[in-house]
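See below for the structure under consideration.
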Amino acid sequence: MNYVMCRGRAVGTEENSPGVVHAALYSSVAPFSGVAPGDIVQLGLSVAVEGAPFGYAYLQEKYFADTAEIVSIQQLEYFPRQRWFRVRAEPGETGTGVMVIRVKQPKKEPRLRPQISVAVPERETGKLVRTASLKDRALMISTAFAPGLRIVTAAGAQGSVNVLAAVAPGSTPVSVTQPRCGSAQLAHDGWLAYLPHHGFTGYDRFEYTVATPDGKKITAPVNVHVGGLDGRAGVFPEQQLTTEFQQWQWSNLSGEMPWPRTPVNPQNG
Numbered sequence: 067m068n069y070v071m072c073r074g075r076a077v078g079t080e081e082n083s084p085g086v087v088h089a090a091l092y093s094s095v096a097p098f099s100g101v102a103p104g105d106i107v108q109l110g111l112s113v114a115v116e117g118a119p120f121g122y123a124y125l126q127e128k129y130f131a132d133t134a135e136i137v138s139i140q141q142l143e144y145f146p147r148q149r150w151f152r153v154r155a156e157p158g159e160t161g162t163g164v165m166v167i168r169v170k171q172p173k174k175e176p177r178l179r180p181q182i183s184v185a186v187p188e189r190e191t192g193k194l195v196r197t198a199s200l201k202d203r204a205l206m207i208s209t210a211f212a213p214g215l216r217i218v219t220a221a222g223a224q225g226s227v228n229v230l231a232a233v234a235p236g237s238t239p240v241s242v243t244q245p246r247c248g249s250a251q252l253a254h255d256g257w258l259a260y261l262p263h264h265g266f267t268g269y270d271r272f273e274y275t276v277a278t279p280d281g282k283k284i285t286a287p288v289n290v291h292v293g294g295l296d297g298r299a300g301v302f303p304e305q306q307l308t309t310e311f312q313q314w315q316w317s318n319l320s321g322e323m324p325w326p327r328t329p330v331n332p333q334n335g
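Here the sequence shown stands for residues 67 to 335, numbered as in our numbering.
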């Protein structure tokens, strides 16, 4: 399914019958839905003309370079100096270009918001009338996350949990802080062992740190209870670590992209 990210139009300067160029940017992922670093997204840039000899639509690279890397392009011209990709349409046709991108870990804002512009030529001079940069919807990028963990053990007995069970595949264990009422050790395979001090019962707490596949370090707490919890249901609820990460599934642009006509007012820059 195709989702509209942004649309706009450019109108010529002729008084009697100005040409109009309509453009729209489509995504294979629904706007404002979550994507994660490493996910693949398809962007489709569509352009159509109305009463003009031809028209252009532009996808501006600088507005997504920090949040995505380009995997492939089809039917798009690239202009390195201007840092934009262009698709052209003639009368009676809809021009379409497709770009496949891979989402990166964001350096600043956690969102992917591509921007486009549209251009229509003047009939007499052929000079292009181009809009300013147009933007609308965004894809939110989920940042790296590690969950809080839980250990329940008997007095004097060791308890353990695997810190890699609920983080992104490819993550590695880094370090662990020391609790006040026991000792903690973190092995290379991700298993974390906690041993309470002699005679201690009650609650304890410390933190673990893992490194994501892209090298970012994330820290989360480990909550511990030493002793029995009989008759105290809900005080220290059991967490679920059995849910596996969903494997990435390719999201494709499918079907025809609607003619990118828009009812809004012209946005010429």
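By construction, the Cβ of each residue, glycine as well, lies at the ideal position given by its N, Cα and C atoms.
* To do: With DSSP as the reference, label residue 201 as helix, strand or coil.
  => Looking at residue 201 - three-state DSSP - the assignment turns out to be coil, as it is neither helix nor strand.
* Using 10 angstroms around the beta-carbon of residue 159, count the other beta-carbons present and answer buried if the total reaches 16, otherwise exposed. => exposed
* Asked: What did DSSP end up calling residue 283 once you bin it into helix, strand or coil?
  -> Residue state for residue 283 is assigned as strand, using DSSP reduced to three classes.
* Determine the contact status of residue 258 and residue 227, defining contact as a CB-CB distance below 8 Å. => Yes.
* To do: Tell me, to the nearest whole angstrom, how far the beta carbon of residue 186 is from that of residue 86; I am working on the premise that it is less than 8 Å.
  => 7 Å
* Asked: Which residues in the same chain as residue 243 place their Cβ atom closer than 7 Å to its Cβ, once the five residues preceding and following it in sequence are excluded?
  -> 272, 273
* Counting along the chain, where does the beta strand (DSSP E) carrying residue 110 start and finish? -> From DSSP, the beta strand (DSSP E) with residue 110 extends over 106 to 116.
* What did DSSP end up calling residue 273 once you bin it into helix, strand or coil? -> Correct three-state label for residue 273: strand.
* Residues near residue 269 by beta carbon distance below 6 Å, same chain, minus five either side -> 291
* Any chance the segment 175 to 182 sits against the segment 246 to 253, with 3 or more Cβ pairs inside 8 Å? -> no
* Is it true that the segment 142 to 150 meets the segment 126 to 133, where meeting means three or more beta-carbon pairs spaced less than 8 Å apart? -> Output reads yes: the segment 126 to 133 touches the segment 142 to 150.
* DSSP beta-bridge partners for residue 145? -> The partner list for residue 145 (beta bridge, DSSP) reads 150.
* What are the partner residues of residue 164, as DSSP defines its beta bridges? -> 110, 140
* To do: Ignore the nearest five residues each way along the sequence and tell me which others in residue 140's own chain have a CB closer than 6 Å to its CB.
  => 164
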